[in-house]
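The structure appears right after this line, and notes come after that.
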Amino acid sequence: MLRESAGPYLHSGQVAERAGVNLQTLRYYERRGLIAEPARSPGGHRAYPPETVTLHGD
Numbered sequence: 001m002l003r004e005s006a007g008p009y010l011h012s013g014q015v016a017e018r019a020g021v022n023l024q025t026l027r028y029y030e031r032r033g034l035i036a037e038p039a040r041s042p043g044g045h046r047a048y049p050p051e052t053v054t055l056h057g058d
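Each residue of the sequence shown is one higher than the last, beginning at 1 in the numbering used here.
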């Protein structure tokens with residue numbers, strides 16, 4: 001469970017948008033272990049750390 005002082009977190013839609021994928025793809029990545037299962041907010045929403053999404057340049 002997250003505490004409000006735990007720092008900034010991203011919601012599922014924000015992660016999906018920044019990564020350029022849809023929510024189902026994001027869930028698939030979680031199931032496959034490609035991204036760690038996120039903490040949950042007090043309301044039960046997924047709360048991803050900002051470093052979940054990284055951009056790599058060529």
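Each residue gets a CB set at the ideal place from its N, CA and C atoms; glycine is no exception.
{"Item": "First through last residue of the alpha helix (DSSP H) which encompasses glutamate 17", "Value": "12 to 19"}
{"Item": "Close-in-space but distant-in-sequence residues of the same chain around valine 53 (CB under 7 angstroms, 5 per side omitted)", "Value": "Val15, Arg18, Ala19"}
{"Item": "Nonlocal neighbours in the same chain, by C-beta distance under 7 angstroms from glutamate 30, ignoring five residues either side", "Value": "Glu37"}
{"Item": "Per-residue burial, tyrosine 48 [other beta carbons within 10 Å of its own, 16 or more giving buried]", "Value": "buried"}
{"Item": "Alpha-carbon to alpha-carbon, arginine 46 and alanine 39", "Value": "6 angstroms"}
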